[in-house]
Amino acid sequence: MTTPTSTQKPALTGALTTLNHDRDSAGMTYVYPVLSRRAGGISVGINLNPNNACNWRCVYCQVPDLTRGGPPPIDLAQLEDELRRMLDDILHGDFMRRSAPPEMRRLNDVALSGNGEPTSSPEFSSVVDLIGTVLTDFDLIGKIKLVLITNGSLANKPQVQIGLRRMAQLNGEVWFKFDRATRSGLQQVNDTETEPERHFQRLNSVAQLCPTWIQTCMFGLDGAPPAEVEIEAWLTMLARAKAENLPLRGVLLYGLARPSLQAEASRLSRLPEEWLHALAVRVEKLGWPVQVSV
Ligand code: SF4
């Protein structure tokens, strides 16, 4: 589940960069380290979709060879072993010296992200339990964040909701993708038939279960920014969330940080920083905190 700035796998053998996000280079199947400029430290990513399959197909997605579908069964023992080895190297080994510049030698979070939608794994709630056990053993509960980066499309499933409740107990938070709030916008940007109303209801259920941020990517398409009608619909959704007292943390507003690996890549462009900040001001006027990442 990628965002324009999230998580992919750099090498354990050399310095990480905030641009080199190749999920295979750590030599592990499920676990990969990322140097996060935004977080100012290391994020440990957990990829539950090693087959590059997702139920959405966002035009800005950075997953190579993205296919439609769900993940293969997760080998929980292998995932646990990889996570323990990674955390041990970061906390007790020389990972930081090898891989990060001095000013970024801190562990910021564990992120359920990866090359597809994490909650599409039937083992999702077991994975959250497993992460809880490992974080407890490393005395990290409450000291680092646990983040789920999700498109939210499966938030109505009981197993997903069990996992979200457990995440809340582990100091977790959800970044819930809500790029557009019209049917045609969701179709164009996320290549999904999702109804905006259903997606809003899913957002509501997720926010009731675990602290939640909305995450939205804005970019130029064929040289033009999103149409004002799309922006208005999205702001109306945020205003409704405020009026209905959805317990959201706020909005994470992303530009196009890294190139898309989808067929539309050549049609996408970065918006000027001022454009994103002007939109952020409109979000703040609705009463929501907003963080912009360009
Ligand atoms: S939700 Fe979108 S961005 Fe995330 S993995 Fe699926 S297709 Fe890619």
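For the sequence shown, our numbering gives the first residue as 636, with consecutive numbering after it.
Positions of the beta carbon are idealized from the N, C-alpha and C atoms, including for glycine.
As the structure is a prediction and not an experimental result, all values here were calculated from the model.
Leu-921 to Leu-881, Cα distance in whole Å?
Working through the sequence shown from its first residue, we reach residue 921 at position 286. Working through the sequence shown from its first residue, we reach residue 881 at position 246. Whole-angstrom Cα-Cα distance: 13 Å.
Applying the 10 Å Cβ sphere with the 16-neighbour rule, what's the burial state of Leu-844?
Taking the first residue of the sequence shown as position 1, residue 844 is located at position 209. Buried, since its Cβ has 16 or more Cβ neighbours within 10 Å.
Could you pull the start and end residues of the beta strand (DSSP E) that Lys-780 belongs to?
For the purposes of this step, residue 780 is taken as the residue at position 145 of the sequence shown. Start and end: 780-785.
Return helix, strand or coil for Pro-668, following the three-state DSSP convention.
The sequence position of residue 668 within the sequence shown is 33, counting from 1. Strand, per DSSP.
Among the residues of its own chain, which have a CB less than 7 Å from the CB of Val-763, if the five just before and after it don't count?
Taking the sequence shown and counting its residues from 1, the one referred to as residue 763 is at position 128. Answer for Val-763: Gly-798, Arg-801, Met-802, listed in chain order.
Whole angstroms is fine: what's the gap from Asp-723's alpha carbon to Tyr-889's?
For the purposes of this step, residue 723 is taken as residue 88 along the sequence shown, with counting starting at 1. For the purposes of this step, residue 889 is taken as residue 254 along the sequence shown, with counting starting at 1. In a straight line, the C-alpha of Asp-723 is about 32 Å away from that of Tyr-889.
Taking the CB atoms as reference points, tell me whether Gln-794 and Ser-760 lie closer together than 9 Å.
Position 159 of the sequence shown, counted from the first residue, corresponds to residue 794. Position 125 of the sequence shown, counted from the first residue, corresponds to residue 760. The answer is yes: Cβ separation under 9 Å.
Given the structure, does Trp-910 come close to the ligand SF4, in the sense that its CB is under 8 Å from one of the ligand's heavy atoms?
Counting from 1 along the sequence shown, the entry for residue 910 is found at position 275. No, Cβ of Trp-910 sits at least 8 Å from all heavy atoms of the ligand SF4.
Quick check: does the Cβ of Gly-751 come within less than 8 Å of any heavy atom belonging to the ligand SF4?
Taking the sequence shown and counting its residues from 1, one reaches residue 751 at position 116. Yes, Cβ of Gly-751 sits closer than 8 Å to a heavy atom of the ligand SF4.
Using the Cα positions of Leu-765 and Leu-821, report the straight-line distance between them to the nearest angstrom.
Stepping through the sequence shown from its first residue, residue 765 is reached at position 130. Stepping through the sequence shown from its first residue, residue 821 is reached at position 186. Rounded to whole angstroms, Leu-765 to Leu-821 spans 33 Å at the Cα level.
To the nearest angstrom, how far is it from the Cα of Glu-919 to the Cα of Val-925?
Against the sequence shown, residue 919 aligns to sequence position 284. Against the sequence shown, residue 925 aligns to sequence position 290. The alpha-carbon atoms of Glu-919 and Val-925 are separated by roughly 7 Å.
Could you pull the DSSP bridge partners for Glu-808 from this structure?
Sequence index remark: in the sequence shown, residue 808 carries index 173 (1-based). Glu-808 is bridged to Val-782.
Relative to the ligand SF4, is the shortest distance from any of its heavy atoms to the C-beta of Val-698 smaller than 8 Å?
As a working note, residue 698 is residue 63 in the sequence shown. Indeed, a heavy atom of the ligand SF4 lies less than 8 Å from the Cβ.
Could you check if Trp-691 belongs to the surroundings of the ligand SF4, using beta carbon to heavy atom distance under 8 Å?
Your numbering for residue 691 matches position 56 in the sequence shown. True, at least one ligand heavy atom lies under 8 Å from that Cβ.
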